[in-house]
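Here's the structure, in structure tokens; my notes come after.
In the working numbering, the protein residues as written are 145 to 591.
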């Protein structure tokens, strides 16, 4: 098809080599995570059959976010984000090397595994939060949706399509392989960042993928290095909770995380076994769960295209409503084909929603506050997940599994309606203007 007379096709800015370095690091580190996602619970099953002790593996994964998320965000805004990310990834590699040694020595007990997971999780808090602040630093602002879509897409592919089956295969060769290979992958991720991103990456150094002048890099006075960590944490929380767009998004995200964690904490009981509602085998269950990843990858590819045709607030409302409503399918149609089809769409809408909200956060938060606001957001949103898991179990015991699933649908739809009412195009436009004015003021005032 030829372009109309007097018009020219829009030229997209290239994502650039620095984005490629971050992409490669993300792919490698998430492949390591995917291997561990399957291997660690199976290793735990070889150490204990107690459901409570097995559940501690999940708790050890999320606890560092609750304890360190706020501090990590404030520290990342204060220091060199690239260097913090490299140190955190190096610590992850050391932990995996220790786990490999413990496995080879036959000393991999449950307390040792839990201790290693806690340290690994703590390093992941800093590594992931720093990586989130680097995305807008290496990506042109006009391509944030595309960049986030690619990164979220490779996370899905590395975690679920490649990492998960690879983890099962490596475990057959021994636990040492299941820890050693992820350690090597973490080393590759370190090399990608160390060689692909050169120089300083402090708050304000890069805006929209470009290096800015030194006065602008110093940012406003309230982000000065002399500011205490406590003050920085409070500033991040205040900015998040006072923001007309970010506050509804994080509240809705926290509620949806709670509901979805409650849902999937007991979902396997609805699907697997001859006495379950669907009656799947364990192998068929694993295949069915991958349908979410199929939809997620499609969403990561098509998100930018959809945003070119539908406004971000309208598209976010559509995908959140569809995503929440489809959670009722396993109750209404307890059939593997119906559930699999619904899960493809659930994965698709979840990914598109994540691309939109992540790009909005990166666009609306000043670079000098990106780490601490991101840390506050992660702490609030991830903090509801262990609560949701316990709630799902309690409701399921008292009222049955359908009550958990339909209750999760109701909670999601209620909070989606709240977000739609608050995050309107006019509110987002004002927030964009305020953010631009703050950035201009920082450039104009220098230090």
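Ideal placement from N, C-alpha and C gives every residue a C-beta, glycine not left out.
To the nearest angstrom, report how far apart residue 164 and residue 293 are at their CA atoms.
-> Separation of residue 164 and residue 293 (C-alpha to C-alpha, rounded to the nearest whole angstrom) is 13 angstroms.
If you drop the 5 nearest sequence neighbours on each side, which residues of the same chain put their C-beta closer than 6 angstroms to that of residue 227?
-> The beta carbon of residue 227 sits closer than 6 angstroms to no other beta carbon from its chain once the five residues preceding and following it are set aside.
Contiguous alpha helix (DSSP H) assignments of at least 4 residues, all confined to the segment 251-297 = With a minimum length of 4 residues, the continuous alpha helix (DSSP H) runs that stay inside the segment 251-297 are 254-282.
Start-end ranges of the alpha helix (DSSP H) lying completely within the segment 187-251, minimum 4 residues = You should have 195-222 and 225-248.
Just how far apart, CA to CA, sit residue 268 and residue 505?
-> In this model, residue 268 and residue 505 are separated by some 20 angstroms (Cα to Cα).
Output the boundary residues of the alpha helix (DSSP H) element that contains residue 495.
-> It spans 480-508 - the alpha helix (DSSP H) in which residue 495 sits, taken as one unbroken run.
Among 253, 477, 521 and 234, which one has its Cα closest to the Cα of residue 379?
-> Considering only alpha carbons, the answer is 521.
Do three or more CB pairs link the segment 421-440 to the segment 488-500 at distances below 8 angstroms?
-> Touching, per the Cβ criterion.
By the 10 Å Cβ neighbour count, where 16 or more other Cβ atoms means buried, how is residue 172 classified, buried or exposed?
-> Here residue 172 is buried: its Cβ has 16 or more other Cβ atoms, across all protein chains shown, within 10 Å.
When you compare each of 473, 169 and 400 to residue 341 by their alpha carbons, which one comes out closest?
-> For residue 341, the closest of 473, 169 and 400 by C-alpha to C-alpha distance is 169.
For the candidate residues 562, 452 and 543, whose alpha-carbon lies nearest to that of residue 465?
-> Residue 562 is the option with its Cα nearest to residue 465.
Residue 237 and residue 331 closer than 8 angstroms at C-beta | Between residue 237 and residue 331, the gap from beta carbon to beta carbon is short of 8 angstroms.
In three-state terms, what does DSSP make of residue 471?
-> Of the three classes helix, strand and coil, the one that applies to residue 471 here is coil, per DSSP.
On the three-pair Cβ rule with 8 angstroms, is the segment 210-220 touching the segment 295-306?
-> Two segments are said to touch when three or more pairs of C-beta atoms, one from each, lie closer than 8 angstroms; by this definition the segment 210-220 does not touch the segment 295-306.
Out of 400, 230 and 389, point me to the one whose CA is closest to residue 343's CA.
-> From the listed residues 400, 230 and 389, the smallest Cα separation to residue 343 is found for 230.
Just how far apart, CA to CA, sit residue 326 and residue 525?
-> Those two C-alpha atoms are separated by around 27 angstroms.
Residues that residue 424 bridges to, as DSSP identifies them | 416.
Candidates 291, 514 and 398, of which the one nearest residue 377 by Cα | Ranking 291, 514 and 398 by Cα distance to residue 377 puts 514 first.
Would you kindly work out how many angstroms separate the C-alpha atoms of residue 421 and residue 382, rounded to a whole number?
-> Each residue's alpha carbon lies about 46 angstroms from the other.
Where the alpha helix (DSSP H) containing residue 302 begins and where it ends | For residue 302, there is no enclosing alpha helix (DSSP H), as DSSP marks it with neither H nor E.
Roughly how many whole angstroms lie between the Cα atoms of residue 160 and residue 302?
-> The alpha-carbon separation between residue 160 and residue 302 amounts to approximately 22 angstroms.
By how many angstroms is the C-alpha of residue 496 removed from the C-alpha of residue 270?
-> Straight-line spacing of the CA atoms in residue 270 and residue 496 works out to 25 angstroms.
Residue 398 versus residue 212 - alpha carbon distance = For residue 398 and residue 212, the distance between alpha carbons rounds to 18 angstroms.
Kindly indicate the opening and closing residues of the alpha helix (DSSP H) around residue 397.
-> Residue range 390-409 is occupied by the alpha helix (DSSP H) that includes residue 397.
Neighbour-count burial assignment, residue 530, 16 or more Cβ in a 10 Å radius = Here residue 530 is buried. Its C-beta has 16 or more other C-beta atoms within 10 Å.
Extent of the continuous alpha helix (DSSP H) run through residue 327 = DSSP places residue 327 in the uninterrupted alpha helix (DSSP H) bounded by 319-340.
Check residue 372 in the structure and name its three-state DSSP category.
-> In this structure, DSSP gives residue 372 a state outside helix and strand, which the three-state scheme calls coil.
Continuous alpha helix (DSSP H) stretch holding residue 513: start and end | It is not in any alpha helix (DSSP H) - residue 513 carries neither H nor E in the DSSP assignment.
6 angstroms CB neighbourhood of residue 180 in its chain, flanking five on each side removed | So the qualifying residues of the chain are 326.
Would you report the Cα separation of residue 204 and residue 419, rounded to the nearest angstrom?
-> Put simply, the backbone Cα of residue 204 is about 32 angstroms away from that of residue 419.
Please go through the same chain and pick out, in chain order, the residues whose beta-carbon is closer than 7 angstroms to the beta-carbon of residue 391, but skip the five residues on each side of it.
-> Excluding positions up to five away in sequence, the list reads 384 and 385.
Under the three-state DSSP convention, the category residue 387 falls into = Residue 387: coil per DSSP, three-state reduction.
Is residue 316 helix, strand or coil by DSSP?
-> Shown here, residue 316 sits in a helix according to DSSP, grouped into three states.
Rounded straight-line distance, which links the Cα of residue 508 to that of residue 400 = When rounded, the distance between both Cα atoms is 22 angstroms.
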